[in-house]
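Novice: If you scroll down you'll find the structure; I have some questions about it.
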Amino acid sequence: MEETEAQALERRRMVDSQLRSRDIMDRRVLAAMGQVPRHRFVRPVDQPQAYADAPLPIGHRQTISQPYIVALMTQLVEARPEDTVLEIGTGSGYQAAVLAALARRVISVERIPELAAQARRILAELGIMNVEIIEGDGTRGHAAEAPYAGIVVTAGAPRLPVALRDQLADGGRLVLPVGSRDGQMLERWTRRGGEVHRERIAPVAFVPLIGDQGWSEEAAGREGWSFGG
Ligand code: SAM
Numbered sequence: 150m151e152e153t154e155a156q157a158l159e160r161r162r163m164v165d166s167q168l169r170s171r172d173i174m175d176r177r178v179l180a181a182m183g184q185v186p187r188h189r190f191v192r193p194v195d196q197p198q199a200y201a202d203a204p205l206p207i208g209h210r211q212t213i214s215q216p217y218i219v220a221l222m223t224q225l226v227e228a229r230p231e232d233t234v235l236e237i238g239t240g241s242g243y244q245a246a247v248l249a250a251l252a253r254r255v256i257s258v259e260r261i262p263e264l265a266a267q268a269r270r271i272l273a274e275l276g277i278m279n280v281e282i283i284e285g286d287g288t289r290g291h292a293a294e295a296p297y298a299g300i301v302v303t304a305g306a307p308r309l310p311v312a313l314r315d316q317l318a319d320g321g322r323l324v325l326p327v328g329s330r331d332g333q334m335l336e337r338w339t340r341r342g343g344e345v346h347r348e349r350i351a352p353v354a355f356v357p358l359i360g361d362q363g364w365s366e367e368a369a370g371r372e373g374w375s376f377g378g
């Protein structure tokens, strides 16, 4: 499916007006954001808004994150061409596709089977071969291929899941939103030997991370969640 000239133009504008004009400086991240067709990861009805400065619904009460937040998290994780990066919360598959343009391999875990299947299909259609999508509870990470040079969590956690901290390589970077149901702080944790160092980056509003080391389904289902992503 070829993209239209208008879609390509909107994507270039998105990179200039939403990313370059803010604090996205990493040339590799800007190039990846300029290359991955976000419109392919949203519902057909939302395609006219695919390059807007906003999250969009993807069904199952989940969202594809705002392009700026995807770029910011990608910049913070500093994926290098030789790295394997773990993503928790595949959703549409868009963040995984952006990471796949920068890293050797991306493993992405999604708890909703329908979203995992849909993301697999879109990535295959786009010929993106270095992403593996796994169904399950990502709060436990994916021990089989740990440790990871980078971990990105794209749902809001009540606290740093210990399994993810333990699966971070020495020098590795873990980027995740941590906080309450009303809002979170985007944090970057970096491992230096036995120590992990935390930086607080910016306030954000993500859908809940539901699982063993996240929120319970019950708590997440309560009224009052902002489904921002
Ligand atoms: N990265 C996604 C994208 O590019 O479209 C956006 C992710 S959306 C904001 C959050 C996703 O996290 C949802 O698809 C949700 O089902 C998933 N999620 C929540 N808790 C999870 C868990 N414990 N393990 C795996 N996925 C989880």
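Heads up, the sequence shown stops at 378 in this note's numbering, and the numbers go up one at a time, no gaps.
By construction, the Cβ of each residue, glycine as well, lies at the ideal position given by its N, Cα and C atoms.
For the ligand HEM, I want to know if Glu259 counts as a neighbour, meaning its beta carbon is within less than 8 Å of at least one of the ligand's heavy atoms.
Specialist: As presented, the structure is devoid of the ligand HEM, carrying the ligand SAM as its sole ligands.
Novice: Determine the direct distance from the alpha carbon of Thr339 to that of Ser365, and round the result to whole angstroms.
Specialist: The straight-line gap from Cα to Cα measures roughly 27 Å.
Novice: Which residue comes first and which comes last in the alpha helix (DSSP H) that contains Asp315?
Specialist: Note, Asp315: alpha helix (DSSP H), 311-315.
Novice: Is Leu275 helix, strand or coil when you go by DSSP?
Specialist: Note: Leu275 maps to coil in three-state DSSP.
Novice: Is the beta carbon of Tyr243 within less than 8 Å of some heavy atom of the ligand SAM?
Specialist: Yes.
Novice: With distances taken between CB atoms, is the gap from Ser257 to Glu274 smaller than 9 Å?
Specialist: Contact: no.
Novice: Look at Ala268 and Gly240 and say whether their C-beta atoms are less than 9 Å apart.
Specialist: It is a contact, given that the beta carbons lie within the stated cut-off.
Novice: Quick check for students: name the residue ranges of the alpha helix (DSSP H) that lie wholly in the region 224-266, counting only runs of 4 or more.
Specialist: Fully enclosed alpha helix (DSSP H) runs of 4 or longer: 243-249.
Novice: Taking 9 Å as the threshold (C-beta atoms), are Ile300 and Leu221 in contact?
Specialist: The answer is no: Cβ separation not under 9 Å.
Novice: Does the beta carbon of Leu235 fall short of 8 Å from some heavy atom of the ligand SAM?
Specialist: For the ligand SAM, not one heavy atom lies less than 8 Å from the Cβ of Leu235.
Novice: Locate the beta strand (DSSP E) running through Gln362, then write down its first and last residues.
Specialist: Looking at the DSSP string, Gln362 is not in any beta strand (DSSP E), and its letter there is neither H nor E.
Novice: What is the rounded straight-line gap between the Cα of Pro326 and the Cα of Ala354?
Specialist: Answer to the nearest angstrom: the Cα atoms are 8 Å apart.
Novice: What does His188 pair with, by DSSP beta-bridge criteria?
Specialist: None, per the DSSP bridge assignment.
Novice: Determine the closest residue to Ala228 out of Pro193, Arg349, Ala250, with distance taken between C-alpha atoms.
Specialist: Closest by alpha carbon: Ala250.
Novice: For His291, count neighbouring Cβ atoms within 10 angstroms of its own Cβ and tell me buried if that reaches 16, exposed if not.
Specialist: That one is buried.
Novice: Report back the beta-carbon spacing between Glu336 and Arg349 to the nearest angstrom; my notes put them in contact at under 8 Å.
Specialist: Correct: roughly 6 Å between the Cβ atoms.
Novice: For Gly363, is the beta carbon positioned less than 8 Å from some heavy atom of the ligand SAM?
Specialist: Flag set: Cβ of Gly363 near the ligand SAM.
Novice: Using the C-alpha atoms, what's the distance from Pro357 back to Glu284?
Specialist: In a straight line, the C-alpha of Glu284 is about 17 Å away from that of Pro357.
Novice: Give the DSSP-derived three-state secondary structure of Asp319 in the structure shown.
Specialist: Strand.
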